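2 protein chains.
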Amino acid sequence: MMKQTLEQLETPALILDEARMERNIARMREQIRRLGVIFRPHVKTNKCMEVTRRLMETPGGPITVSTLREADYFAAHGVTDILYAVCIAPNKLDHVMALQGKGVQLSLILDSMETARILTERAKTTGRRFDVLIEVDSDGHRSGLAPDAVELVEIGRFLEDAGMTVKGVMTHAGSSYDCTSVAAIRAMAEQERAAIVHAAERLRAAGMACPVVSVGSTPTALFAEQLEGVTEVRAGVFVFFDLVMAGLKVCREEDIVLSVLSTVIGHQREKGWTILDAGWMAMSRDRGTQRQPVDQGYGLVCDLDGRPMDDLILVGANQEHGIMAHRDGRVEGALHLPVGTQVRILPNHACPTAAQYPSYQVLGTDHEITATWQRFSGW
Amino acid sequence: MMKQTLEQLETPALILDEARMERNIARMREQIRRLGVIFRPHVKTNKCMEVTRRLMETPGGPITVSTLREADYFAAHGVTDILYAVCIAPNKLDHVMALQGKGVQLSLILDSMETARILTERAKTTGRRFDVLIEVDSDGHRSGLAPDAVELVEIGRFLEDAGMTVKGVMTHAGSSYDCTSVAAIRAMAEQERAAIVHAAERLRAAGMACPVVSVGSTPTALFAEQLEGVTEVRAGVFVFFDLVMAGLKVCREEDIVLSVLSTVIGHQREKGWTILDAGWMAMSRDRGTQRQPVDQGYGLVCDLDGRPMDDLILVGANQEHGIMAHRDGRVEGALHLPVGTQVRILPNHACPTAAQYPSYQVLGTDHEITATWQRFSGW
Numbered sequence: 499m500m501k502q503t504l505e506q507l508e509t510p511a512l513i514l515d516e517a518r519m520e521r522n523i524a525r526m527r528e529q530i531r532r533l534g535v536i537f538r539p540h541v542k543t544n545k546c547m548e549v550t551r552r553l554m555e556t557p558g559g560p561i562t563v564s565t566l567r568e569a570d571y572f573a574a575h576g577v578t579d580i581l582y583a584v585c586i587a588p589n590k591l592d593h594v595m596a597l598q599g600k601g602v603q604l605s606l607i608l609d610s611m612e613t614a615r616i617l618t619e620r621a622k623t624t625g626r627r628f629d630v631l632i633e634v635d636s637d638g639h640r641s642g643l644a645p646d647a648v649e650l651v652e653i654g655r656f657l658e659d660a661g662m663t664v665k666g667v668m669t670h671a672g673s674s675y676d677c678t679s680v681a682a683i684r685a686m687a688e689q690e691r692a693a694i695v696h697a698a699e700r701l702r703a704a705g706m707a708c709p710v711v712s713v714g715s716t717p718t719a720l721f722a723e724q725l726e727g728v729t730e731v732r733a734g735v736f737v738f739f740d741l742v743m744a745g746l747k748v749c750r751e752e753d754i755v756l757s758v759l760s761t762v763i764g765h766q767r768e769k770g771w772t773i774l775d776a777g778w779m780a781m782s783r784d785r786g787t788q789r790q791p792v793d794q795g796y797g798l799v800c801d802l803d804g805r806p807m808d809d810l811i812l813v814g815a816n817q818e819h820g821i822m823a824h825r826d827g828r829v830e831g832a833l834h835l836p837v838g839t840q841v842r843i844l845p846n847h848a849c850p851t852a853a854q855y856p857s858y859q860v861l862g863t864d865h866e867i868t869a870t871w872q873r874f875s876g877w
Numbered sequence: 499m500m501k502q503t504l505e506q507l508e509t510p511a512l513i514l515d516e517a518r519m520e521r522n523i524a525r526m527r528e529q530i531r532r533l534g535v536i537f538r539p540h541v542k543t544n545k546c547m548e549v550t551r552r553l554m555e556t557p558g559g560p561i562t563v564s565t566l567r568e569a570d571y572f573a574a575h576g577v578t579d580i581l582y583a584v585c586i587a588p589n590k591l592d593h594v595m596a597l598q599g600k601g602v603q604l605s606l607i608l609d610s611m612e613t614a615r616i617l618t619e620r621a622k623t624t625g626r627r628f629d630v631l632i633e634v635d636s637d638g639h640r641s642g643l644a645p646d647a648v649e650l651v652e653i654g655r656f657l658e659d660a661g662m663t664v665k666g667v668m669t670h671a672g673s674s675y676d677c678t679s680v681a682a683i684r685a686m687a688e689q690e691r692a693a694i695v696h697a698a699e700r701l702r703a704a705g706m707a708c709p710v711v712s713v714g715s716t717p718t719a720l721f722a723e724q725l726e727g728v729t730e731v732r733a734g735v736f737v738f739f740d741l742v743m744a745g746l747k748v749c750r751e752e753d754i755v756l757s758v759l760s761t762v763i764g765h766q767r768e769k770g771w772t773i774l775d776a777g778w779m780a781m782s783r784d785r786g787t788q789r790q791p792v793d794q795g796y797g798l799v800c801d802l803d804g805r806p807m808d809d810l811i812l813v814g815a816n817q818e819h820g821i822m823a824h825r826d827g828r829v830e831g832a833l834h835l836p837v838g839t840q841v842r843i844l845p846n847h848a849c850p851t852a853a854q855y856p857s858y859q860v861l862g863t864d865h866e867i868t869a870t871w872q873r874f875s876g877w
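If you read the protein sequences in the order shown, they are chains A and B. Numbers given in the working numbering equal positions in the first sequence, counted from 1, plus 498. Numbers given in the working numbering equal positions in the second sequence, counted from 1, plus 498.
See below:
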């Protein structure tokens with residue numbers, strides 16, 4: 499393939515700044531080393547072997563996935579140690595067994611005796627065994643048993659009595675996305691750690707080995723001061739970062755790896771609007787900065803070098819149209835970019851924006867596209 | 499392929515109720531016949547030949563597209579009369595010419611002299627001609643020239659002088675999605691009609707033929723009382739409808755064609771929460787009912803027969819987790835659905851939800867999946 503430049507791409511296109519990504523990975527590696535834990539990167543954000551290869555400690559993993567489609571894809575690329583970090587649904591067990599049959603050590607999670615019974619029944623009828631972690635709720639945001647729930651130990655015992663391997667416990671402090679200061683993130687990291695270590699100690703007191711004690715979210719992973727008692731950390735969005743993470747002060751705007759390349763297609767000058775060919779299909783409907791102190795609309799507009807331009811944001815979006823305007827809404831003196839001008843728009847949230855594209859256009863220096871990395875979506 | 503039933507599908511999966519779709523198509527056909535116009539269905543919602551085949555008046559079209567990827571796909575399936583209804587960006591002209599080279603009559607739109615100059619320059623250097631419609635703004639929501647703008651006639655004259663064919667004018671009353679009553683939608687339909695007819699008359703008074711006068715949005719298309727002076731209507735979401743359209747009273751909940759099949763994976767009983775394996779990746783981040791009188795969260799939960807259940811909605815969503823609860827937030831007496839129970843969730847907005855899936859699972863009677871129809875996303 500002949501090398502292209504940004505200027506030659508048909509828009510919208512998803513751009514990945516490789517130098518920024520390498521910096522973000524180095525930052526996480528340094529933190530993981532300092533914390534003295536195993537890193538089990540979450541691949542739900544990137545869904546791409548070229549990216550995940552750069553995150554893993556060995557070619558076989560470990561990794562964390564959010565769908566069995568991710569497990570299929572990475573297993574086909576040689577990854578064997580995979581944690582599926584969503585409570586298992588009965589209709590996915592045939593798929594799980596197919597993955598096991600290909601040599602994948604796939605760990606499942608659950609948080610109820612109902613699911614534990616379904617798993618042991620299926621194990622009995624198929625002669626299979628499932629590796630299980632029990633999900634613990636460290637912040638009340640979603641799934642998991644309370645660290646001091648009676649059922650935690652009951653489920654652990656029930657599974658072990660049925661011949662299943664209770665590998666350990668896991669939690670995800672998703673509430674860290676709602677923190678309003680680095681101090682609050684640090685406190686959340688300690689809350690996450692304390693909860694999961696307490697759960698692990700209860701299982702051990704009841705006679706279970708509980709070798710794995712797993713935590714993770716990008717904010718808590720990056721700001722945890724110490725993780726005593728924790729064995730592994732999961733995080734995914736750090737590899738790209740986004741405006742939500744910048745709003746949390748977890749990263750700077752200049753650490754954001756993904757941008758949507760878009761082109762000016764018209765104007766409504768009396769409103770101070772510039773119309774772009776990137777709407778919510780190109781940016782996703784995610785409005786994650788809406789509840790933050792600085793609302794970035796559907797994205798922050800940068801020039802081709804990736805530098806924010808004159809406080810321009812996407813103030814609105816239709817399916818294939820973005821409405822760009824100055825944050826202060828000014829009409830007088832609004833920047834006029836001619837039709838055909840290209841801009842790069844930083845996304846609110848890397849995961850849903852990336853999910854809209856079949857590939858990343860990898861940006862080197864001087865606007866050069868050095869590679870196209872395939873990614874996938876769906877289940 | 500052996501026939502499957504809903505109960506055998508791995509979740510999440512996108513279900514298409516074929517009988518409902520046929521009803522919705524029949525309703526639009528009847529309205530189009532009554533209005534006495536040509537129907538140019540917008541395929542941006544369905545992006546699927548099996549669906550579009552049922553919408554078109556002939557195998558060659560006409561259709562409306564929102565991306566050139568759509569044009570590529572439908573052209574490969576024999577469609578030749580295509581309107582690309584987003585103002586053309588210069589970096590897409592090579593792609594446009596490739597489509598023309600395959601025999602596609604691709605009409606472009608623009609709303610500025612800047613774009614008109616770019617097109618005529620390119621026509622000059624390549625020897626090509628482009629068919630152009632001028633976009634008119636009938637409601638102030640996005641692109642287009644005001645119907646009485648001086649530039650409208652100037653651009654038309656400029657294009658014709660340069661040897662381009664000005665096929666006509668088009669507008670899209672997107673503000674109809676914000677109407678709060680059927681009466682308001684009818685008024686918006688008349689506003690859309692009057693604006694575009696006025697623009698066409700001005701071009702004709704200046705000596706241009708302006709054969710095409712094109713309007714369209716699902717609400718205005720369905721509720722227009724008469725379309726005198728209009729030659730064609732575009733609409734897309736009507737084929738599936740969704741909760742936003744039901745909230746507008748454009749359809750009933752029982753007309754909604756798409757649903758996301760999902761499975762119960764856990765509970766937080768003390769909160770009245772049921773955790774499902776469909777999060778915002780499965781539903782999309784669209785929260786279009788948030789500004790309507792009835793906020794449906796991330797979707798309205800139905801049983802496997804497609805009937806709403808006990809006022810259950812997705813009150814929250816993470817990437818692969820949905821949080822289902824009663825709309826009134828009750829904990830006492832909350833419905834307990836065992837782990838493994840399947841539900842079907844109606845989406846806020848058909849376009850972004852469908853975009854998350856590579857295919858539709860077509861539902862017949864008795865929970866039977868009669869076909870899998872491929873669809874695509876991206877640019």
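We treat Cβ as the ideally placed atom computed from N, Cα and C, and that holds for glycine. This one's a predicted model, so the numbers in the text were calculated from it and none came from an experiment.
| query | result |
| --- | --- |
| Using only alpha-carbon positions, find the residue among B/Ala-733, B/Ala-722 and B/Arg-655 that is nearest to B/Ala-707. | B/Arg-655 |
| So, helix, strand or coil for A/Cys-800, using DSSP? | strand |
| Straight-line CA distance for A/Leu-608 to A/Val-563? | 15 Å |
| Output the residue ranges of the beta strand (DSSP E) runs that lie fully inside the stretch 617-688 of chain B and measure 3 residues or longer, sorted by chain position. | 629-633 and 663-668 |
| What residues match up with B/Val-710 in a beta bridge as DSSP calls it? | B/Gly-666 |
| Enumerated in chain order, which unbroken segments of the alpha helix (DSSP H) with a length of 4 residues or greater are wholly contained in the stretch 556-623 of chain B? | 566-574 and 591-599 |
| What first and last residue would you give for the alpha helix (DSSP H) that runs through A/Met-547? | 547-551 |
| Within 8 Å of any Cβ in chain A, is that where the Cβ of B/Gln-854 sits? | yes |
| Note down the Cα distance separating A/Glu-690 from B/Gln-529, rounded to an integer number of angstroms. | 58 Å |
| Go to A/Gly-814, then tell me how far its beta strand (DSSP E) extends in each direction, as first and last residue. | 806-815 |
| Applying a beta-carbon distance threshold of less than 9 Å, which residues of chain A neighbour B/Lys-501? | Under the 9 Å cutoff, chain A gives no residues; its nearest Cβ is about 17 Å from B/Lys-501. |
| Which residues of the stretch 587-616 of chain B have a Cβ closer than 7 Å to any Cβ of chain A? Give them in chain order. | Ala-587, Pro-588, Asn-589, Lys-590, His-593, Asp-609, Ser-610, Glu-612, Thr-613 and Ile-616 |
| Return the first residue and the last residue of the alpha helix (DSSP H) that A/Thr-729 is part of. | First-last for A/Thr-729: undefined, no H or E at that position. |
| In this structure, does DSSP put B/Asp-753 in helix, strand or coil? | helix |
| With a threshold of 7 Å on Cβ separation, who are the neighbours of A/Arg-552 within its own chain once the five nearest residues in sequence on each side are excluded? | Ile-523 |
| Measuring straight from C-alpha to C-alpha, what distance separates A/Met-662 and A/Arg-627? | 6 Å |
| Going by C-alpha to C-alpha distance, which of A/Val-664, A/Ala-685, A/Gly-666 and A/Val-667 sits closest to A/Ser-673? | A/Ala-685 |
| Am I right that A/Val-731 and A/Val-713 are in contact with their C-beta atoms under 8 Å? What's the rounded C-beta distance? | 6 Å |
| Looking at the secondary structure, which residues open and close the alpha helix (DSSP H) in which A/Arg-467 lies? | For chain A, the structure presents residues 499 to 877; residue 467 of chain A sits outside this window and is missing. |
| Taking the alpha carbon of A/Tyr-675 as the point to measure from, which residue in A/Ser-857, A/Ala-614, A/Lys-747 and A/Ile-536 has its own alpha carbon closest? | A/Lys-747 |
| Of the residues A/Asp-637, A/Gly-601 and A/Thr-613, which one's Cα is nearest the Cα of A/Leu-657? | A/Thr-613 |
| In angstroms with no decimal places, state the Cα-to-Cα distance between A/Ala-647 and A/Ser-610. | 11 Å |
| So, at 6 Å on beta carbons, what are the nonlocal neighbours of B/Tyr-855 in its own chain, with the 5 sequence-adjacent residues on each side left out? | Leu-512 |
| Kindly list the residues whose CB is nearer than 8 Å to the CB of A/Ser-857, restricted to its own chain and excluding five residues on each side of it in sequence; keep chain order. | Leu-512, Thr-870, Trp-871, Gln-872 and Arg-873 |
| Suppose you measure from the CA of A/Cys-849 to the CA of B/Gly-625; what does that come to, to the nearest Å? | 44 Å |
| With DSSP as the reference, label A/Val-762 as helix, strand or coil. | strand |
| Comparing C-alpha positions only, which one of B/Gln-766, B/Phe-738, B/Met-743 and B/Glu-768 sits nearest to B/Val-755? | B/Phe-738 |
| Along the alpha helix (DSSP H) that carries A/Ala-852, what are the first and last residues, could you check? | 848-852 |
| Where does B/Gln-794 sit, in a helix, a strand or coil, going by DSSP? | coil |
| Answer with buried or exposed for B/Thr-509, where buried requires no fewer than 16 other C-beta atoms within 10 angstroms of its C-beta. | buried |
| To the nearest angstrom, report how far apart A/Phe-828 and A/Glu-768 are at their CA atoms. | Looking at the sequence provided, one finds Arg at residue 828 of chain A rather than Phe. Whole-angstrom Cα-Cα distance: 10 Å. |
| By a C-beta neighbour count over all protein chains shown, 10 Å radius and 16 as the cutoff for buried, is B/Gly-638 buried or exposed? | exposed |
| If we ignore side chains and look at the alpha-carbon of each, how far apart do B/Glu-752 and B/Lys-622 end up? | 53 Å |
| Report the neighbours of B/Asp-784 on chain A: residues whose CB is nearer than 9 Å to its CB, in chain order. | Trp-778 and Arg-783 |
| Please report how far the alpha carbon of B/Arg-531 lies from the alpha carbon of B/Ala-719, in whole angstroms. | 12 Å |
| Please name the residue in A/Arg-842, A/Glu-555 and A/Ile-632 whose C-alpha comes closest to that of A/Val-710. | A/Ile-632 |
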